[in-house]
Amino acid sequence: MEGFKSFFKDTIIYGIASVLPRVITFGLVAVHTMVFQTNEFSFMTVWYVYAAFINVILTLGMETSFFRFYTAETNKKDVISTAYTILMVSSLIFLLIGFLFSDSLNSFFHFEDPRFLPLLMGTTVLDTLVVIPFAYLRVKGRPLRFMLVKLINIIALAIITILFLLIIPQYFADGSSTLVKLGLVPEYFKPEVVHIFYANVAASLITLLILLPELRYISIRIDKNICKKLINYGTPIMIGGIAYIINESADKLMIPKMIGENANGIYAASYKLGVFMVLYITAFRMGAEPYFFNNAATANAKEKYSKIMTWFVTFGSIFMVLVVALIDPLASILLRQKVYFSGLVIVPVILLANLFSGIYNNLAVWYKLTDKTRFGMYISIFGGLLTILSLWIFIPLWGILGAAYATLFTYFSMAVISWHFGKKYYKIPYELGKLSLIIIGSTAVSLVSFHFFRAQYFANFLLFSGYLGLLYLILKEDIKEILRQA
C-alpha cells in the first residue's frame, strides 16, 4: 500500500504540473473558435501537427532513454550531458536544413506566409532544448519547480495569445493609440493565425530561460558508450512516437484533402473535447512511468501494475461518462460559433479511443522494462499504417465520424496486440473480466446518454449515479481493501 501512496502522490503532483497547463490551453480554444473561421482553425491545427512530428524526431526518444539510464549508470553527469548534447546536435542540424532548404520546405508544407516556417523551427527547437532539463527535475524529485515552470510557460502563452487576438485589436489598433503612432502596433491590427505561432515561440523562449539554472549540471560533451546506449534505446521510441503522431494527427491531415478545410476545422475543434481524457492520461503517465521503473525489482511488481491498470480504466471510464453527460454546456464554453457544434457527434467515440490509447500506454510497461522497445516501434508502425488505411476507408463512408471510428479502431487494435505480446515476455495478471465490464458498461451508458438523453441533466444524473453503482459492484472487494488499509 505504501508503494501505491507514493505512486498516487507523484501522479497528483506531476499530473497537476502537466494537466493544468493543458487546461489553460484547452480554454484558449474558446478564444480561437471565437476569432477564427473553420478553415483558419483547420490550418492552425495542421501547423501544430507538423510541430508535433518535428518534435518527436528532434527529441530522438531521449526523455525515456534518460530515465532508463540515469538510474542505471554510475556516472550520472555523463548521462545528462550526453543526452542534452545529442539534442543540441539534432536541433542544430534541423536549423541548418531549415535555412538551406527553406523554399522547398515552404512548398512541402504549403506555407503561403514566409513567417510560418521560421516560427515552426523556433518553436520546435526551443521545445527540444527543455526536454532534458524537465526530465532532470522529474528524476531528481523536484515536482514543485517542475510544476512552476510548466505553469509559467502556459500562462505566458495564454497572455500573449489573448493580447494578440483580443486586446490589441479591441483597445490599441484603432488608428489613434500611442502604440500605433509609435509604430509598435500596425494601424487597424487584424488578428491572424500567425500571431498564435509568435506566442508559442515567445512562451518557449521564456521556458528555456527559466530552466537555465538546470543547465549548470550539463557539460557539452558526448560519452560514446552512453551515447550508443541512449540512441539504441531511444530510436525505437522515436519511431514509435512518429507512428503515434500519425495515429493522433493523420485525420487532421487527410480530412482537408478528402472532405475539405471547413470539415477539418469543425472536426478538430470538436476533437478538443476529448482533451479531458487526454489530460487524465497525461497525469497518470507522469506518475506511472517513473513508478514502473523504480518498482520493477520488487517482488509483487506485476500485481501492482495490474491493479494500476484496473484503477486507470475505472477513473478513465468515469471521465468519459461525465464528459458525455455534460457535452452541451462544455461545448457552449469551448466552441464559440454554432458552426462548430455539428462535430459533437464524434466526442463519445474520441473519448473511448483516448481511453484505449491510455490502456496501450499502460500496457507498454512490458517492453520498456525488458528493454524490448523495438516491439513498441513495431506496434506503433502497425498502428500508423492501420490509421491511414482506416481513414481512407471510413472517411468516405461516414465523414468526420468515420475519422473518429478509425482512431478508435486503431487504438483498440494496438492495445490488443501489445497485451498479446506482453503475455509472452512479461506476463502481468491483468483483471480482464473487470476491465471488460467497466469498458462495456461505460460505453453503453455514454451512448445512451448522448443519443437518447442529451441535455436532459436529471436523466443523465441518474445514468451517472447508476454507473457509479455498477462500478461499486465490480470493484467492491478492491474498495474494501483500500478502506481497510487507509
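Each residue of the sequence shown is one higher than the one before, counting from 179 in the working numbering.
We put the beta carbon where it would ideally sit given N, CA and C, even for glycine.
Counting C-beta pairs with one atom in each stretch, the segment 525-534 and the segment 569-586 have three or more that are closer than 8 angstroms, which means they touch. Ranked by how close their Cα comes to the Cα of L273, the residues E241, N233, R399, S568 have N233 in first place.
Check the Cα spacing between I617 and each of N532, I566, I573, A637: the tightest is with N532. If you look at H373, you'll find it in the alpha helix (DSSP H) that goes 371-388.
As the crow flies, the alpha-carbon of I194 is around 7 angstroms from that of M325.
With respect to L512, V227 sits apart: the two C-beta atoms are not nearer than 8 angstroms.
For the pair I384 and N425, the CB atoms are not nearer than the 8 angstroms cut-off. The beta-carbon distance between L408 and M240, rounded to whole angstroms, is 7 angstroms. This is short enough to meet the 8 angstroms contact definition. By the neighbour-count criterion, in which 16 or more other beta carbons inside 10 Å mark a residue as buried, F639 falls on the exposed side. Here DSSP, grouped into helix, strand and coil, assigns E439 to helix. Taking S269 as the centre and dropping the five residues before and after it, the same chain places the C-beta of L236, V303, T306, L307 closer than 7 angstroms to its C-beta, in chain order.
The beta carbon of R552 sits closer than 6 angstroms to those of P414, all from its chain and outside the five residues before and after it, given in chain order. In terms of CA proximity to I571, T588 leads the group S627, T588, V499.
If the five residues before and after S558 are omitted, its C-beta is found closer than 6 angstroms to the C-beta atoms of G418, A421, Y422, all from its own chain and listed in chain order.
Of the other Cβ atoms in all chains shown, fewer than 16 fall within 10 Å of the Cβ of A250; this residue is therefore exposed. In the structure shown, S558 adopts helical secondary structure according to DSSP, grouped into three states.
Between I444 and T203, the C-beta spacing is not below 8 angstroms. In the structure shown, F324 falls within a helical segment according to DSSP collapsed to helix, strand and coil.
At the C-beta level, L343 and V213 come within 8 angstroms of one another. A direct Cα-to-Cα measurement between K546 and I345 gives close to 47 angstroms. With a threshold of 16 other beta carbon atoms within 10 Å, I486 meets it and is buried.
Only buried fits P434, as 16 or more other CB atoms lie within 10 angstroms of its CB. With contacts defined as CB atoms closer than 8 angstroms, W597 and L541 qualify as a contacting pair. Put simply, the backbone Cα of A428 is about 24 angstroms away from that of T242.
I333 places its beta carbon 8 angstroms or farther from that of S484.
No Cβ-Cβ contact shorter than 8 angstroms links T211 with Q663.
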